[in-house]
Amino acid sequence: MYNKQAIGVFDSGVGGLTVLKHIHQLLPYESLIYVADSAFMPYGCKPDAVVQERCLKIASFLAEQDCKAIVVACNTATAAAVHGLRDSYAMPVIGMEPGVKPAVARTGSGVVGILATSGTASSDKFMQLKKRYAEHAELLVQPCPGLVEEIEKGDFTTQRLHSLLALYLKPLMEKNADTLVLGCTHYPFILPMIREIVGGSVAIIDTGDAIARELQRQLRKRDLLTDGESQESVRFWSSRVDSTEALSRLWGEQVIVTHLDI
Ligand code: DGL
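When the letters of the sequence shown are read in order and numbered with numbering that gives the first Met the number 0, they come out as residues 0 to 261.
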């Protein structure tokens, strides 16, 4: 039995594209629907209740599109809303969390730096994650207000972006962090600039590929994968009216973006 229903993937904006790319690579025959909530980004500085409401609205749209699974391609939204989504929907809901576990396994200096949004950094879910691994390494958490907004502008070479990043990375490097966790799906877009600032010897952990594999596992377990004969498609929606240029550029080809008025 093959299942041709789409997989719904969403984020507060363009960040989830860094996860969508891994999903598309691993599961090339699956139909994908991507929702960028760019009119309401950033989530990272909003109260949980607001993020939860946005997530429920987006999930309801994805359910209307008859999706077979939802990927919350946003650490902040996962921390605030994944339990509520799982309570509301029977389909698999895959969430994200900063890659603390692989970072702790990887560090040689015993110091791990974690870049995240303020929302993720202060969430209960993240506190628990930190507690689980605090014995094994020193975990330095750096909230990064303003970074998502800069990344959403789509120019990853600006002086403003560089100054913000340098400000956030400096304390981590000064404390000898040799492993850095990208705890927000927007951050892989600025990996070259991060690399330039921290140098070549720091390991940088992104969990986009792990999420794609977890999605594959969940779909396989429930017999929900499609077959190789399917006609794949990736469809894009955004709560902002003018997202076509940014999503096309970051996805790497011209795409049609439909306005999602929710
Ligand atoms: N991509 C989101 C994340 O992974 C960014 C959240 C935001 O909009 O602040 O946390």
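C-beta atoms are modelled at their ideal positions from N, C-alpha and C, and glycine is treated no differently.
Please read all numbers here as calculations on a predicted model, not as lab measurements.
Compute the minimum distance between the beta carbon of H21 and the heavy atoms of ligand 1, and state whether it is under 7 Å. Answer for H21: no, Cβ out of range of ligand 1.
Given P101 as reference, the closest of V49, T178, V197, F9 once Cα atoms are compared: Answer by Cα proximity: T178.
Please confirm whether L114 and Y167 have their CB atoms less than 8 Å apart. Yes, the Cβ-Cβ distance between L114 and Y167 is below 8 Å.
Collapsed DSSP secondary structure at A115 in the structure displayed: Look at A115 here: in three-state DSSP terms it is strand.
Cutting at 8 Å between CB atoms, please list the residues of its own chain near R212, excluding the five before and the five after it. L25, listed in sequence order.
Cβ contact check for the segment 179–196 and the segment 155–164: 3 or more pairs under 8 Å: Cβ pair count under 8 Å is three or more, so yes.
Specify, as a first and last residue, the run of the alpha helix (DSSP H) that Y42 falls within. DSSP places Y42 in no alpha helix (DSSP H); its state is neither H nor E.
Can you find a heavy atom of ligand 1 that lies under 7 Å from the Cβ of M192? M192 Cβ: outside cutoff for every heavy atom of ligand 1.
Leaving out five residues before and five after G98 in sequence, what residues of the same chain have Cβ atoms less than 6 Å from its Cβ? Excluding residues within five positions, the ones whose Cβ falls inside 6 Å are V180, I204, T206.
Three-state secondary structure (DSSP) of G83: G83: helix per DSSP, three-state reduction.
Do you know whose CA, among N2, V201, E148, H23, lies nearest R105's CA? When only C-alpha atoms are compared, the closest one is V201.
For I255, count neighbouring Cβ atoms within 10 angstroms of its own Cβ and tell me buried if that reaches 16, exposed if not. By the 16-neighbour rule on beta-carbons within 10 angstroms, I255 is exposed.
The beta strand (DSSP E) that contains I189, what's its start and end? No residue range can be given for I189, since it is assigned to no beta strand (DSSP E) and is classified by DSSP as neither H nor E.
Between the Cα of L163 and those of Q215, M126, P142, spot the shortest distance and give me the residue it belongs to. Cα-wise, what sits closest to L163 is P142.
With a threshold of 16 other CB atoms inside 10 Å of the CB of K130, please say whether the residue is buried or exposed. K130 comes out exposed.
Could you give the first and the last residue of the continuous beta strand (DSSP E) run that contains I255? From DSSP, I255 is part of no beta strand (DSSP E); its letter is neither H nor E.
Is the distance from the Cβ of P41 to the Cβ of S87 below 8 Å? Not closer than 8 Å, so no.
Is the segment 234–252 touching the segment 121–138 in the sense that three or more CB pairs, one from each, lie closer than 8 Å? Fewer than three pairs of CB atoms, one per stretch, sit closer than 8 Å, so the segment 121–138 makes no contact with the segment 234–252.
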